[in-house]
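Numbering (the numbering used here), first residue to last: 194 to 535.
Glycine is no exception: its CB is placed at the ideal position from the N, C-alpha and C atoms.
Read through the structure below, which is laid out as structure tokens, and then see the notes.
Okay, structure coming up:
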């Protein structure tokens with residue numbers, strides 16, 4: 194399925210009879226140009242893009258940052274808003290990764306908690322938009338009351354080299370949540386998402402293995418993200434392990450209430466979100482909310498979640514499992530958790 198798309202078919206149709214030697218020399222360029230176009234579109238989808246346009250987000254507030262020791266009077270807010278109470282704060286907690294691990298599900302589950310206020314979109318501040326400044330970043334945050342936690346999610350932070358230092362500069366007390374998943378399954382899910390946007394993508398095998406036959410290609414982002422131990426080593430240069438919580442993407446599906454309990458404990462919250470909030474949707478293949486935020490009706494994540502994976506040859510899956518095994522074992526040692534991927 195995945196490998197069927199690609200350059201080729203009909204490239205010679207542009208050659209007419211009597212086109213001459215020049216036409217014969219020019220014709221082979223067509224499939225090369227098509228392949229370059231397909232790969233160009235893929236890289237635009239697979240790698241972080243630019244910072245959101247300024248017109249699509251609130252403008253940064255001209256006022257200086259609010260002192261952390263007391264709240265401003267509602268009559269004189271430092272950031273003007275149309276309505277709402279409380280004040281905008283820097284996030285006390287971040288869901289920093291990983292892509293296709295279950296970060297959106299975790300965010301939506303946490304938003305059920307009355308003491309959590311979360312930004313719905315991904316601001317990409319610490320990877321794409323850092324030059325806009327902390328005032329701009331704070332202006333994006335929802336208003337919170339004393340005792341509430343401000344949270345945001347951008348899963349590309351975990352693999353961004355500059356992110357640990359930048360987040361530490363904002364606050365060394367920031368709590369960091371990393372949702373991890375079997376790196377082989379995660380890579381295939383990552384590819385499936387990109388394939389849905391770029392149907393002419395080369396096969397998973399062609400991208401995961403050099404020349405489709407050689408060793409695993411760590412230059413491909415879908416493979417590189419799964420090297421969790423390498424990424425974690427950078428975070429531990431700035432944050433102690435006690436500041437990070439590692440959530441199992443698999444257990445987030447099989448037992449969401451238990452994983453949410455761990456997250457609520459880590460954030461210092463009362464365990465409000467429990468098993469009564471979830472039901473398993475057999476069609477989707479993952480848990481859904483019995484009552485979504487602000488609604489009395491059940492709700493599941495969007496159509497893009499739980500999409501079917503393309504078929505990947507068993508030999509390629511086995512090759513990836515063997516490749517990741519030493520990295521997984523190192524990650525288990527670093528975190529003190531065995532995620533059972535091997």
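Could you work out which residue in the options is closest to residue i when comparing CA atoms only?
{"i": "residue 334", "options": "358, 324, 312", "result": "312"}
{"i": "residue 452", "options": "461, 440, 512, 303", "result": "440"}
{"i": "residue 406", "options": "445, 531, 513, 351", "result": "513"}
{"i": "residue 506", "options": "524, 432, 397, 315", "result": "397"}
{"i": "residue 408", "options": "348, 526, 292, 515", "result": "515"}
{"i": "residue 310", "options": "481, 378, 342", "result": "342"}
{"i": "residue 419", "options": "287, 382, 438, 446", "result": "382"}
{"i": "residue 374", "options": "442, 346, 414, 361", "result": "442"}
{"i": "residue 369", "options": "346, 326, 298", "result": "346"}
Using DSSP's beta-bridge definition, name the partner residues of residue i.
{"i": "residue 370", "result": "288, 438"}
{"i": "residue 473", "result": "480"}
{"i": "residue 281", "result": "336"}
{"i": "residue 310", "result": "343"}
Could you tell me the distance, in whole angstroms, from the CA atom of residue i to the CA atom of residue j?
{"i": "residue 529", "j": "residue 317", "result": "29 Å"}
{"i": "residue 290", "j": "residue 364", "result": "18 Å"}
{"i": "residue 391", "j": "residue 501", "result": "16 Å"}
{"i": "residue 253", "j": "residue 303", "result": "For residue 253, the pLDDT reaches just 39, beneath the cut-off of 50, and the residue's location in the model is therefore unreliable, although a value from the coordinates is still provided. Approximately 27 Å between the Cα atoms of the pair."}
{"i": "residue 367", "j": "residue 532", "result": "24 Å"}
{"i": "residue 458", "j": "residue 394", "result": "42 Å"}
{"i": "residue 322", "j": "residue 350", "result": "12 Å"}
{"i": "residue 518", "j": "residue 411", "result": "14 Å"}
{"i": "residue 344", "j": "residue 307", "result": "13 Å"}
{"i": "residue 300", "j": "residue 431", "result": "24 Å"}
{"i": "residue 421", "j": "residue 524", "result": "6 Å"}
{"i": "residue 357", "j": "residue 493", "result": "32 Å"}
{"i": "residue 462", "j": "residue 348", "result": "22 Å"}
{"i": "residue 416", "j": "residue 464", "result": "36 Å"}
{"i": "residue 353", "j": "residue 320", "result": "6 Å"}
{"i": "residue 521", "j": "residue 340", "result": "37 Å"}
Runs of 3 residues minimum, wholly inside the region 312–399: which ones carry the beta strand (DSSP E) assignment? Qualifying beta strand (DSSP E) stretches, in chain order: 342–346, 368–373.
Does the region 322–336 touch the region 281–290, meaning 3 or more C-beta pairs lie closer than 8 Å? Touching, per the Cβ criterion.
Determine contact between the region 425–439 and the region 374–393, defined as no fewer than three beta-carbon pairs at a distance below 8 Å. Judged by Cβ distances under 8 Å, the region 425–439 makes no contact with the region 374–393, as fewer than three pairs qualify.
Looking at C-beta atoms only, is the number of pairs between the region 393–410 and the region 320–333 that lie closer than 8 Å three or more? Contact fails between the region 393–410 and the region 320–333, because fewer than three Cβ pairs, one in each stretch, are under 8 Å apart.
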